[in-house]
Amino acid sequence: MSRIKSKPPKRVDAAEPDPARLETHFRDILTELGEDPKREGLQKTPARVAKAWQELTSGYRVDIDAMINEALFTECYDEMVLVRDITFYSVCEHHMLPFFGRAHVAYLPDQKIVGLSKIPKLVEIYARRLQVQERLTLEIAYTLQEKLKPRGVAVVLEARHLCMEMRGAESHLSPTTTSCMLGVFKQDARTRKEFLELLKSKPV
Ligand code: ZN
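Mind the numbering: the sequence shown is residues 0 to 203 in numbering that gives the first Met the number 0, read in order.
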């Protein structure tokens with residue numbers, strides 16, 4: 000399990016892409032690849048691809064602060080909150096091919112908790128950007144750290160990368176695991192162990 004210590008880069012807040020321009024670019028790509036964009040099966044492809052990429056990169060255009068702020072609550076609950084097996088789909092920024100898998104996110108609250116549905120939502124927002132798995136892991140962890148000021152945050156991501164699998168760059172197809180431990184999850188071996196043990200137990 001790799002541990003990354005550096006902070007993630009600043010978040011991007013991009014404008015909505017122009018669908019017509021995206022479409023033109025994808026039509027050019029088809030031509031360049033030796034295809035005939037006018038043939039029946041491909042006529043609507045540039046428009047479909049443009050729409051798909053708008054969705055796959057929609058995470059650039061979401062106000063994360065607002066999304067979390069509306070679901071912050073003050074509670075005296077101080078045990079571990081764990082949301083595991085969050086399915087995510089992202090796109091690697093090196094090849095623009097998918098990587099996908101499961102995220103496990105835990106935090107130890109310090110008076111503030113966040114609505115549970117916001118955690119998978121946060122994973123999805125960051126996943127819907129061009130990513131590397133390492134940065135995706137950090138962005139989820141540091142955002143929770145920043146917004147909740149909890150005693151600790153733990154994030155583990157397990158993912159399969161189609162840029163490796165489809166291109167044959169890797170012979171074994173085991174998932175890649177990344178993790179980020181902050182606060183007590185980093186400092187206290189017992190807390191970290193409790194989290195990792197919980198991940199091993201069977202889902203309900
Ligand atoms: Zn890649």
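For glycine and all other residues, C-beta sits at the position ideal for the given N, C-alpha and C.
| When we look at the beta-carbon of residue 200 and count the other beta-carbons within 10 Å, is it buried (16 or more) or exposed? | The residue given as residue 200 occupies position 201 in the sequence shown. Its Cβ having fewer than 16 others within 10 Å, residue 200 is exposed.
Tell me the start and end of each unbroken alpha helix (DSSP H) in the stretch 60-100 that is at least 4 residues and wholly inside, in chain order.
63-68
*asked:* Tell me which residues pass a beta-carbon proximity test against the ligand ZN: closer than 5 Å to any heavy atom, given in chain order.
replied: 91, 93, 94 and 162
**the stretch 33-52 in contact with the stretch 72-82 per 3-pair CB rule at 8 Å** = no
Suppose you measure from the CA of residue 62 to the CA of residue 39; what does that come to, to the nearest Å?
Within the sequence shown, numbered from 1, the residue matching residue 62 stands at position 63. Within the sequence shown, numbered from 1, the residue matching residue 39 stands at position 40. Whole-angstrom Cα-Cα distance: 39 Å.
ask   = Can you give the Cα-Cα distance for residue 94 and residue 179, rounded to whole angstroms?
value = Translated into the one-based positions of the sequence shown, residue 94 becomes position 95. Translated into the one-based positions of the sequence shown, residue 179 becomes position 180. Each residue's Cα considered, the two are about 24 Å apart.
- Task: Measuring alpha carbon to alpha carbon, tell me which of 143, 158, 159 and 160 ends up nearest residue 152.
- Result: Within the sequence shown, residue 152 is the residue found at index 153, counting from 1. Nearest option by C-alpha distance: 143.
Per DSSP, which one or two residues make a beta bridge with residue 130? By 1-based counting over the sequence shown, the position of residue 130 is 131. Partner(s): 91.
Can the beta-carbon of residue 125 be found less than 7 Å from the beta-carbon of residue 133? Here the question's residue 125 lines up with position 126 in the sequence shown. Here the question's residue 133 lines up with position 134 in the sequence shown. Contact: no.
Practice problem: State the DSSP-derived secondary structure class of residue 57, mapped to helix, strand or coil. | Solution: Counting from 1 along the sequence shown, the entry for residue 57 is found at position 58. Correct three-state label for residue 57: helix.
### Endpoints, alpha helix (DSSP H) assigned at residue 159
Residue mapping note: residue 159 aligns to position 160 of the sequence shown, counting from 1. Unbroken run through residue 159 is the beta strand (DSSP E), 151-160; no alpha helix (DSSP H).
Query raised in the report: Where residue 167 and residue 195 are concerned, what is the direct C-alpha to C-alpha distance, given to the nearest angstrom?
Result: As a working note, residue 167 is residue 168 in the sequence shown. As a working note, residue 195 is residue 196 in the sequence shown. Cα-Cα distance, rounded: 31 Å.
query = Which residues in the same chain have their Cβ closer than 8 Å to the Cβ of residue 149, if we skip the five residues on either side of it in sequence?
reply = For this step, residue 149 is matched to residue 150 along the sequence shown. So the list reads 106, 107, 108, 109, 111, 143 and 182, once near-sequence residues are dropped.
Span of the beta strand (DSSP E) holding residue 172? The residue given as residue 172 occupies position 173 in the sequence shown. Here residue 172 belongs to no beta strand (DSSP E), and DSSP marks it neither H nor E.
Status (buried if at least 16 other CB within 10 Å, exposed otherwise) for residue 1 = By 1-based counting over the sequence shown, the position of residue 1 is 2. In this prediction, residue 1 scores a pLDDT of 45, lower than 50, which makes its location untrustworthy; no coordinate-derived value is stated.
Q: Would you verify that the beta carbon of residue 123 is, or is not, closer than 7 Å to some beta carbon of chain C?
A: In the displayed structure, chain C is absent; only one protein chain is listed.
Straight-line gap, residue 113 to residue 136 (C-alpha atoms, nearest Å)
Working through the sequence shown from its first residue, we reach residue 113 at position 114. Working through the sequence shown from its first residue, we reach residue 136 at position 137. Their backbone Cα atoms lie some 18 Å apart in a straight line.
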